[in-house]
Amino acid sequence: MLDPKLVKEKPEIVRKMLADRHVQFDFDLLLSLDGKRRELIVKTDELRKLKNKMGLDVATKKKSGQSADSVIAEMQKVSQELQILEADQIKVGADYDRLAMTMPNLIHDSVPIGADNSANVVVRSWGAVPKFDFKIKDHIDISQELGLVDLERAAKTAGARFYYLKNSLVRLNQALIHFALDFLTEKQYGLIQPPYMINRSSMEGAIIADDFENVIYKVQDEDLFLIGTSEHSIAAMHADEILEGKDLPIRYAGVSPCFRKEAGAHGRDQKGIFRVHQFEKVEQYVFARPEESWKEHEKMLAVAEEFYQKLEIPYRVMLLSSGDLGKVSAKTYDIEAWMAGQNSYREIVSCSNCLDFQTRRLKIRFRDKSNEQTQYLHSLNSTLVATTRTLVAIMENFQTHDGHISVPKPLQKYLGSSTI
RNA sequence: GCGGGGGUCGCCUAGCCUGGUAGGGCGUGGGAUUGCUAAUCCCAUGUCCGUAAGGACCCGUGGGUUCAAAUCCCAUCCCCCGCGCCA
1224 MLDPKLVKEK PEIVRKMLAD RHVQFDFDLL LSLDGKRREL IVKTDELRKL
1274 KNKMGLDVAT KKKSGQSADS VIAEMQKVSQ ELQILEADQI KVGADYDRLA
1324 MTMPNLIHDS VPIGADNSAN VVVRSWGAVP KFDFKIKDHI DISQELGLVD
1374 LERAAKTAGA RFYYLKNSLV RLNQALIHFA LDFLTEKQYG LIQPPYMINR
1424 SSMEGAIIAD DFENVIYKVQ DEDLFLIGTS EHSIAAMHAD EILEGKDLPI
1474 RYAGVSPCFR KEAGAHGRDQ KGIFRVHQFE KVEQYVFARP EESWKEHEKM
1524 LAVAEEFYQK LEIPYRVMLL SSGDLGKVSA KTYDIEAWMA GQNSYREIVS
1574 CSNCLDFQTR RLKIRFRDKS NEQTQYLHSL NSTLVATTRT LVAIMENFQT
1624 HDGHISVPKP LQKYLGSSTI
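No gaps in the numbering here: position 295 of the first sequence is 1518 in this note's numbering, and each next residue is one more.
In structure tokens form, the structure reads like this:
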């Protein structure tokens, strides 16, 4: 959610953002609702003032033994009038909120302007693309031949985009998680294993309405939703809190399964475990002071890059354009890993600065001294590792001529072997 | 799941029975006083609308009763204690 003051005072900034993002949004309606909303606030406030004054009058009269009947009769009228006006105010307020909650975040100046991902910019590349002196396979073939994934049976029991991991791939999956947690622990991140289901109001803090349709699974008959990432749980964790400035920045390493509908992804990455409804992820989530969030953003990206360098997975860093940017994010870097079997770079990390967009929705503020004005924090999130996609990269890049997989060095100790 | 207790403006707490401006303590900031420190005293310390003056809102949440609700009634969420069930 954007600062209502900014929306009112500098609408041209919002209009430019909407144009740059190429989103449909009825901003004029929002402005007119905002005007109505303010107008009704003033009117009801005045009526309440009158009512409060009369109430006092009644109390004083009664105490001194005088009759308050005429004031009470008058108050009755005012109360009725107020009730009607209040109903109006609630309706307009709700309309405004509903619309305002769907408005995307501001865009940072450094973000390239463009309609879609074709305007994304390569920031840098790391690592040499591996060369093979034999005919390489993709992760589907490799995993089938080594008995590491069963897609057919998963289709039978759960549907498309599910999988049974088997044998050493189960261990490799766990090894990635274990390594990622050790890696972030060393960097002083606090470990968090969050609720995998959260209620609607918490979920609304982290995401925008469309996502409920396209990515989030709902639990039947309960006010509960399966998280699409631990980001959702962790964002809401400090809702309605005032944090102490001395504790900032707060850096969390979230670990959880992630559940995603993948609606609208029909036909893309249909087979294999690249795009699935469920996977494990270790996530970086940071609450920072506003003036420090851009520094933290670069830091999180650097942490993610270091992780893939340790795994020796070649990658490139992309800066997403305005049209490709997620709605809650003001700036996003993706890390795309080289995937030999697909002969291309594919997304494995998304690193975003959401500014005060999420914290404003969730009322997460801070201050240095208890009598100071509170400020909204900035929140940032970045993948450290989403296991299935990294498993794809490992299987494809580390395949050997005899049809096996060599295990990246940092994972060997967790796995207890150097090949699969 | 059942029975009992509870949720008050950063933290603690009074008020609820008996409806009528939410009071106190702590913390924090400022000021006064004081060789220094400490102690003491005064003021400030939530959200929203407003350029401001000012005003409204705020007692877990949502309804209801009433001229008027922190207070009475109903529903609901969460926490604590006991019982039951349970990996």
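A virtual CB, placed ideally from N, CA and C, is assigned to each residue, including glycine.
Remark: C-beta atoms of Phe-1385 and Ala-1398 do not approach each other more closely than 7 Å. In this structure, Arg-1588 is the residue among His-1489, Arg-1588 and Glu-1427 with its C-alpha nearest to the C-alpha of Lys-1469. For Tyr-1386, there is no enclosing beta strand (DSSP E), since its DSSP letter is neither H nor E. Using a 10 angstroms sphere on the CB of Leu-1229, the tally of other CB atoms stays under 16, which defines it as exposed.
Comparing alpha carbon positions, the residue from Asp-1318, Lys-1276, Met-1298 and Gln-1299 closest to Gly-1258 is Asp-1318. In the assembly as shown, Asn-1620 is a buried residue. Its beta-carbon has 16 or more other beta-carbons within 10 Å.
Counting along the chain, Met-1562 sits inside no alpha helix (DSSP H); it lies in the beta strand (DSSP E) bounded by residues 1554-1562. Under the three-state reduction of DSSP, Gly-1413 is assigned to strand. Remark: C-beta atoms of Leu-1322 and Leu-1270 do not approach each other more closely than 7 Å.
For the region 1448-1525, the full-length alpha helix (DSSP H) segments reaching 4 residues or more read 1453-1460 along the chain. Of all alpha-carbon atoms in Leu-1638, Ser-1544, His-1601 and Gly-1564, the one lying nearest the alpha-carbon of Ala-1338 is that of Ser-1544.
In chain order, Arg-1474 place their CB closer than 8 Å to the CB of Gln-1411, counting only its own chain and leaving out the 5 sequence neighbours on each side.
Put simply, of Ile-1457, Lys-1274, Ala-1432 and Leu-1308 the residue whose alpha carbon is nearest the alpha carbon of Lys-1266 is Leu-1308.
Secondary structure at Ser-1573: strand, using DSSP grouped into helix, strand and coil. Nearest to Glu-1375 by alpha-carbon distance, out of Glu-1368, Tyr-1387 and Ile-1365, is Tyr-1387. Its Cα nearest to that of Ser-1629, the residue Leu-1392 stands out among Met-1420, Leu-1392, His-1520 and Gln-1367. The Cβ neighbour count for Ile-1617, taken over all protein chains shown within 10 Å, is at least 16; the residue is labelled buried. By the 16-neighbour rule on beta-carbons within 10 angstroms, Asp-1446 is exposed. The three-state secondary structure of Ile-1421, taken from DSSP, is strand.
DSSP, reduced to helix, strand and coil, places Thr-1642 within a strand of the structure shown. A distance below 7 Å separates the beta carbons of Leu-1600 and Phe-1510.
One alpha carbon belongs to Ile-1465, the other to Arg-1590, and they sit about 7 Å apart. Contact between the region 1517-1532 and the region 1454-1463 is not established, with fewer than three Cβ pairs separated by less than 8 Å. Gln-1622 is bridged by DSSP to Ile-1628.
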